[in-house]
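A.B. asks: First the structure, then my questions, so here it is.
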Amino acid sequence: MKYDFAAVEKKWQDIWEERKPYAAVTGDPRPKFYGLIEFPYPSGAGLHVGHPRPFTAMDIVTRKKRMDGYNVIFPIGYDAFGLPTENYAIKNHIHPSVVTRDNIANFTRQLKMLGYGFDWDRCVNTSDPNYYKWTQWIFLQMFKHGLAYKATMPINWCTSCKVGLANEEVVDGVCERCGGEVIRKEKSQWMLRITQYADRLIDDLDDLDYIERVKIQQKNWIGRSTGVEVAFPMSNGDEITVYTTRADTLYGVTYMVISPEHPILEQWKPILSNWDEVAAYQAAAAKKSDFERGELNKDKTGVCLQGIRAINPVNGASVPVFISDYVLMGYGTGCVMGVPGHDQRDWEFAMKFGLPIIEVVKGGDMTKEAFVAKDDGIMVNSGFMDGMTVREAIPAMKKYCVEHGIGKEKVNYKLRDWVFSRQRYWGEPIPLVFCDKCGWVALDESELPLVLPNVESYEPTDDGESPLAKMTDWVNTTCPACGGPARRETDTMPNWAGSCWYYLRYMDPNNDKAAVSKEAEEYWGPVDWYNGGMEHTTLHLLYSRFWHKFLYDIGVVHTKEPYAKRTSHGMILGRNPHYVGYAETEEEKQALIEHYGSEALRPSVKMSKSLGNVVNPDDVIREYGTDTMRVYIMFIGDFEKTATWSDEAVKGSKRFLDRCFNLLDLVKDDLSVTPENEALIHKTIKKVGDDILELKMNTAIAALMSLVNQFYANGCTKGDLKPFVTLLSPFAPHLAEEMWEQLGFAASEGRMAMQMSWPEYDESKTVDKKHEMAVQVNGKLRSTIVVDSDADEETVIRTALADEKIQRQMAGMELVKTIVVKNRIINLILKKAN
RNA sequence: GCCGGUGUGAUGGAAUGGUAGACGUGACGGACUCAAAAUCCGUUGGGCUAAUCCCCCGUGUGGGUUCGAGUCCCACCACCGGCACCA
15 MKYDFAAVEK
25 KWQDIWEERK
35 PYAAVTGDPR
45 PKFYGLIEFP
55 YPSGAGLHVG
65 HPRPFTAMDI
75 VTRKKRMDGY
85 NVIFPIGYDA
95 FGLPTENYAI
105 KNHIHPSVVT
115 RDNIANFTRQ
125 LKMLGYGFDW
135 DRCVNTSDPN
145 YYKWTQWIFL
155 QMFKHGLAYK
165 ATMPINWCTS
175 CKVGLANEEV
185 VDGVCERCGG
195 EVIRKEKSQW
205 MLRITQYADR
215 LIDDLDDLDY
225 IERVKIQQKN
235 WIGRSTGVEV
245 AFPMSNGDEI
255 TVYTTRADTL
265 YGVTYMVISP
275 EHPILEQWKP
285 ILSNWDEVAA
295 YQAAAAKKSD
305 FERGELNKDK
315 TGVCLQGIRA
325 INPVNGASVP
335 VFISDYVLMG
345 YGTGCVMGVP
355 GHDQRDWEFA
365 MKFGLPIIEV
375 VKGGDMTKEA
385 FVAKDDGIMV
395 NSGFMDGMTV
405 REAIPAMKKY
415 CVEHGIGKEK
425 VNYKLRDWVF
435 SRQRYWGEPI
445 PLVFCDKCGW
455 VALDESELPL
465 VLPNVESYEP
475 TDDGESPLAK
485 MTDWVNTTCP
495 ACGGPARRET
505 DTMPNWAGSC
515 WYYLRYMDPN
525 NDKAAVSKEA
535 EEYWGPVDWY
545 NGGMEHTTLH
555 LLYSRFWHKF
565 LYDIGVVHTK
575 EPYAKRTSHG
585 MILGRNPHYV
595 GYAETEEEKQ
605 ALIEHYGSEA
615 LRPSVKMSKS
625 LGNVVNPDDV
635 IREYGTDTMR
645 VYIMFIGDFE
655 KTATWSDEAV
665 KGSKRFLDRC
675 FNLLDLVKDD
685 LSVTPENEAL
695 IHKTIKKVGD
705 DILELKMNTA
715 IAALMSLVNQ
725 FYANGCTKGD
735 LKPFVTLLSP
745 FAPHLAEEMW
755 EQLGFAASEG
765 RMAMQMSWPE
775 YDESKTVDKK
785 HEMAVQVNGK
795 LRSTIVVDSD
805 ADEETVIRTA
815 LADEKIQRQM
825 AGMELVKTIV
835 VKNRIINLIL
845 KKAN
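Using my numbering, you'd call the opening residue of the first sequence number 15 and step up by one each time.
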C-alpha cells in the first residue's frame, strides 16, 4: 500500500480545523506554556523556505509540551506595516491595505498547509485599527511619561529622489532605489528615550535564559562604559569637559579636539582669528554622509582654533585646541583630550598635524604607533602615578579628579535614543496634535484608534514630509486641550512599533477595553520560549524589551521581562550556481572565478530570484508532502547554524516517512513489546524527548530513523509502534495520526496521537544486557570485547586479557596499569618486560 | 581593528575527555522486474594488501596537558556573522 500523502494530509488538516485541538484556554488549571515565533511580514513573495525552520521547531516543542500536560499557547499573526508593501502600492496603484489583505490570505493558506498547531483564533494583524489602536495607546503612555520627545535629528536624504530614506534603504552609502548619493538632512522627529532604560536592559539580561551570543550582542550594542568627565579650563575663562575611560593618561595630553558640531564654537566666533577656516570645515563636515565620515574617510582632518588654548588641569600644561570630525557630537561630551601616545586615532591625528607625543605608559614605540597599554603597563612621566600599573592608576586618577574638583565619574552608552518617526504612509499614525498655544498634545483615548486616512498617492513628498502632510483636511484639526486650531503629526511610526508588544495581544486578541486584560496577562505572561533570527537581536528584541519594561513600570504587565528564554535559528541558503566546485573542467573554474570573483568561491548563498536558487515551499509540499517538508527542514543540520537546501537530500526524509508508513504492512497484531526492540524503544523515548527541548531535532529524527531501521531488521508489533507513533507525531503529525488510526489506537484510546501523553521511559530498560567495549593498549584501539553490562572490573580485565588480539600485543610486555570506564573502554598500559 | 562563531569522508552532518564518521544524501554491488522507477538487502575515510586478517595515517596548522584529545590549554591560518573614529 502506497502512502498517499496529499489525501492524508488534507484529511487531517480538515479534522483539526474542525476540532481545534490547538485552542489555548485562558485560566486553565494545567501549567501554561507560551511558545512564540517571530510573526512574519506578509510580503508579496509568499512564504520563504526560511520561515518553516523556526516555525516547525517551535511547533515541535509546543506539541511535546502539550503531550507533557501543558496548556499551550502557540500563536501566529502578521507584522503587516512596512516599506515593501508601500512601495508595491505606489508602483501598482493599489491601496496598501488591499495588498496586505491579499498577502495575508496567501500566507495563511501556506501556514495552514504546513500543519502548524497555531491557535488561529488568536491571529493578529498589526495594521488592523483594532490592533494599532493599542500601539498608539502605548505610545501615548510613553508620551505622557516623558519618554517620547521631539528632537532635530539627521535623516538619510537621497539627493536624487529628494526623499527621506529609512536606514534599511541605504545600502553602502547610496540610495537602494536609484543609487543616488545619500546625505544627512536635519529634521524634527519623535524620539523614544530607550537610553533611560539602558542599565536595566543590560543588567536584567543576567537572569534570562537567552543564548549567550544574544546577550553579548545586546550588551555590546548598548555599549556601557565607565570613565571620568574631566573639566579643562580654557584660556578665555570658559571650561570644556571631556570624557575618558583612560584617566591614567591625563599627563599624556598634548592637544584637545572638539566635534565640529559643538555649539560652543559659535560662542568663540569673535575670538577665533581663523573663523572662516573653522566655518568652512564645519560646513564640509555637515555635508558629509555618515558613510563618508565613517567608512570611507579614516584619514584625519581638522582645523586648529587660533586664539584659544586649553589648560591641562592636572599639570597646568597649555595645549592647542582643534576641531575634527573624528570626534562625534553624539557620544560623551563631544570633546576629547588628545593622548597620541596611547590612542591610535589620536596618534594618527598628531602625526598629521605635527603635535608632540608624550609617553606615559612604558613599553611602546611611539614612532610607529600608539601604545594602547593593557592593565599591567607601568606609568611614567605622570607625577604621583609613576610606577603604578594602569590598573592601579585609573582609579587613583579618578579619585584625584574627584577630590580636586576637576572631574567626576561618568557612565556612557553607545546606545542612542530611538528615532521613532517615519515620513511614510503605511504605518501607525502618531496620535498627537500640535497647537500653537499648548504645544504637542495627546489625543484623548476615546479618539483612538486614529485611523490612517485614505490618500491619493503614497509617494513621499519632495520636501521629505510624509504623504499624510498633503491631506490638509486630515491634518487641520482642533486642539484637544484648548479647542483652538491645531495640526496633526503627519509622520508615522516605524515598522518596529507593532512588533514591540504583539506577544501581549495574543493573550487577549479581541479585547476592546485594553491592550491586554490583567487576567490574561497574569495567566500567560511571560513568554516561556521565544525563537527568532539573530538579525533582530539589536532592533526588535531590544525595542520590545524596552516597551515591556515601560509597561511594567506603569503596571500593565507583571513581569520585568517579556521573554524568559530566547533561542535563534540559522538561515537557509541556496546552492550557489556559480560555485567553482560544480565546474567540471579547469577552464570552467577559471571562467567562473574571472566572471564572478570571490562570489564563485562560496558553495552556498542567500536564495535570490536572479540566481534561480529560490525554493518555494508550495512546490516542495506538492511534490513530497508537508510532513516531508517538516522533517527535512529539521533534519537539515544544527538548528543554530546556516544550512544549505538540497533537493536531493529531501528525498531521504520522504523515504523515511514512507518506511514508517510501510511498517503497517509488516506489523504483528500483538500489543506486547518485542523484547529485542525494548531497549532501543526506551532509549529513543529518552533521546527524542531530550533532544526536542534542546532544539536538536536533527539527532532526534536520526534516532527515530535508527529505530525504524531496527523494526525492519527485527520485525515489530503494534505494541512497539504505539510509543513510536506518538514520538513521531510532533515531527510528522499527519502521518502519525493516519498510522495511529490504522493501527486502531484512535478507536481504542479515544483520542488522537497528538493528544496522548509523552511515553514514559524506564531508565533501567535503556541499558543493554551486554556491551561491546573497546580495548586499548597504551591508548590505541586494538580489539573489542563483549561483556555483561553489570560485569565487575576484574571480570572485564580478565576478558580483555584473554582476547586473542590482546594476547598478541602482550607478547614480551608487562602490564603496569589498567584503566576501565564502565561499558565503554579498557586501556591497558604495557611496557617492555625486562 | 574589536566582539562572537565555525573548520570532521565525495556530500549534509553525529560524537557527557573514552571504539571518530551515528543518521541521511550520493556512489557501488545484489534481490525483485521483460525493463525502468519504486522497494528491500549489503558495501562505502585514506594507505598497504590476495584479504571485509593485520598494520600505518586521519577531525584547518603547530605545540602542550592526559592512560586516552574532534572535544581541554597556548600560538597561528582560513571562512562566516555583528559592530566599527564610541575617546
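Backbone N, C-alpha and C fix where the C-beta goes; we use that ideal spot for every residue, glycine too. These figures come from a predicted structure and were not determined experimentally.
Given this structure, state the Cα-to-Cα distance separating Ala38 from Ala212, to the nearest angstrom.
C.D. replies: Going from the Cα of Ala38 to the Cα of Ala212 covers about 35 angstroms.
A.B. asks: Indicate whether Tyr775 and Leu50 have their beta-carbon atoms separated by less than 9 angstroms.
C.D. replies: For Tyr775 and Leu50, no; Cβs fall outside 9 angstroms.
A.B. asks: Output yes or no for whether 9 angstroms exceeds the beta carbon distance between Tyr92 and Arg519.
C.D. replies: Going by C-beta atoms, Tyr92 is not nearer than 9 angstroms to Arg519.
A.B. asks: Hey, how far is the Cα of Glu200 from the Cα of His418?
C.D. replies: C-alpha separation (whole angstroms): 40 angstroms.
A.B. asks: With distances taken between CB atoms, is the gap from Trp772 to Asp82 smaller than 9 angstroms?
C.D. replies: Contact: yes.
A.B. asks: Is the stretch 28-48 close to the stretch 628-646, with three or more CB pairs under 8 angstroms?
C.D. replies: No, because fewer than three Cβ pairs between the stretch 28-48 and the stretch 628-646 fall closer than 8 angstroms, the two stretches do not touch.
A.B. asks: Might you give, ordered along the chain, the residues of its own chain that have their beta carbon closer than 7 angstroms to the beta carbon of Lys301, omitting 5 neighbours on each side?
C.D. replies: Excluding residues within five positions, the ones whose Cβ falls inside 7 angstroms are Ile197.
A.B. asks: If the criterion is Cβ atoms closer than 9 angstroms, does the pair Thr698 and Ala717 meet it?
C.D. replies: Cβ atoms of Thr698 and Ala717: closer than 9 angstroms.
A.B. asks: Name the residue from Cys496, Leu694, Thr731 whose alpha carbon lies nearest to the alpha carbon of Ser686.
C.D. replies: When only C-alpha atoms are compared, the closest one is Thr731.
A.B. asks: Let's test the definition: count the other Cβ atoms within 10 Å of the Cβ of His583 and tell me whether it reaches 16, buried, or not, exposed.
C.D. replies: Buried, by the Cβ-count rule.
A.B. asks: Once the 5 residues before and after Glu536 are set aside, which same chain residues still bring their CB inside 6 angstroms of it?
C.D. replies: Cβ neighbours of Glu536 beyond the five flanking positions: His572.
A.B. asks: Pick from Met766, Thr347, Glu406, Asp487: whose alpha carbon is nearest that of Asp390?
C.D. replies: The option with the nearest alpha carbon to Asp390 is Glu406.
A.B. asks: Threshold first: 4 residues or longer. Then list the alpha helix (DSSP H) segments lying entirely within the stretch 619-656, N to C.
C.D. replies: Listed in chain order, the complete alpha helix (DSSP H) runs (minimum 4 residues) inside the stretch 619-656 are 631-638, 640-649.
A.B. asks: Identify whether Phe19 lies in helix, strand or coil by the three-state DSSP scheme.
C.D. replies: Of the three classes helix, strand and coil, the one that applies to Phe19 here is helix, per DSSP.
A.B. asks: Check the DSSP bridge columns for Thr492 and list the partner residues they point to.
C.D. replies: Answer is Pro499, bridged to Thr492.
A.B. asks: When DSSP labels each residue in this structure, what does Gly136 get in the three-state scheme?
C.D. replies: In the sequence under discussion, the amino acid at residue 136 is Arg, which differs from the Gly named in the question. Three-state DSSP puts Arg136 in a helix.
A.B. asks: For Gly96, does the count of other Cβ atoms within 10 angstroms reach 16, so buried, or fall short, so exposed?
C.D. replies: With 16 or more other Cβ atoms within 10 Å, it is buried.
A.B. asks: Could you give the uninterrupted runs of the alpha helix (DSSP H) lying entirely in the stretch 386-431, keeping only those of 4 residues or more?
C.D. replies: Those alpha helix (DSSP H) runs which fall completely within the stretch 386-431 and span 4+ residues are 404-417.
A.B. asks: Just list the alpha helix (DSSP H) runs in the stretch 179-240, keeping only unbroken ones of 4 residues or longer that don't cross its boundaries, in chain order.
C.D. replies: Here the runs fully enclosed are 212-217, 226-236.
A.B. asks: Could you tell me whether the Cβ atoms of Pro66 and Asn545 are closer together than 9 angstroms?
C.D. replies: Contact flag unset, no.
A.B. asks: Applying the 10 Å Cβ sphere with the 16-neighbour rule, what's the burial state of Lys413?
C.D. replies: Flag for Lys413 reads exposed.
A.B. asks: Grab the span of the alpha helix (DSSP H) containing Lys831 for me, first residue to last.
C.D. replies: Looking at the DSSP string, Lys831 is not in any alpha helix (DSSP H); the run it does join, the beta strand (DSSP E), is 827-835.
A.B. asks: Using a Cβ distance threshold of 8 angstroms, determine whether the stretch 810-826 contacts the stretch 754-764, with at least three qualifying pairs required.
C.D. replies: No contact exists between the stretch 810-826 and the stretch 754-764.
A.B. asks: Leu310 to Arg359, Cα distance in whole Å?
C.D. replies: Confidence in Leu310 is poor, its pLDDT being 48 and thus under 50, which makes the residue's placement unreliable; the coordinate value appears in the next sentence. Answer to the nearest angstrom: the Cα atoms are 15 angstroms apart.
A.B. asks: Apply the 10 Å Cβ neighbour rule to Thr381 and answer buried if 16 or more other Cβ atoms are within range, or exposed otherwise.
C.D. replies: It is exposed - the Cβ of Thr381 has fewer than 16 other Cβ atoms within 10 Å.
A.B. asks: Going by C-alpha distance, which of Glu100, Phe88, Leu842, Trp432 is nearest Phe153?
C.D. replies: When each option's Cα is compared against that of Phe153, the closest is Trp432.
A.B. asks: With the cut-off set at 9 angstroms, would you say Ile236 and Leu553 are in Cβ contact?
C.D. replies: It is not a contact, given that the beta carbons lie outside the stated cut-off.
A.B. asks: Would you report the Cα separation of Asp142 and Leu707, rounded to the nearest angstrom?
C.D. replies: Distance between the alpha carbons of Asp142 and Leu707: 35 angstroms.
A.B. asks: Is the separation between the beta-carbon of Glu503 and that of Trp204 shorter than 9 angstroms?
C.D. replies: A contact, by the Cβ cut-off of 9 angstroms.
A.B. asks: Among the candidates His276, Gly346, Trp361, Glu280, whose CA atom is the shortest distance from the CA of Lys312?
C.D. replies: Checked all of His276, Gly346, Trp361, Glu280; the closest Cα to Lys312 is Trp361.
A.B. asks: Helix, strand or coil for Ile699 per DSSP?
C.D. replies: Here Ile699 sits in helix by DSSP.
A.B. asks: Which same chain residues end up closer than 7 angstroms to Gly131 when comparing Cβ atoms and leaving out the 5 residues on each side of it in sequence?
C.D. replies: The answer, listed in chain order, is Tyr36, Asp73, Thr76, Arg77, Phe88.
A.B. asks: Per DSSP, Lys846 forms a beta bridge with which residues?
C.D. replies: Bridge partners of Lys846: Met827.
A.B. asks: From Asn712, Glu777, Ile695, pick the residue whose C-alpha is nearest to that of Val739; which is it?
C.D. replies: When only C-alpha atoms are compared, the closest one is Ile695.
A.B. asks: In terms of DSSP beta bridges, what is Phe47 paired with?
C.D. replies: Per DSSP, Val86.
A.B. asks: For Thr642, count neighbouring C-beta atoms within 10 Å of its own C-beta (all shown protein chains included) and say buried if the count is 16 or more, exposed if not.
C.D. replies: By the 10 Å Cβ count, Thr642 comes out buried.
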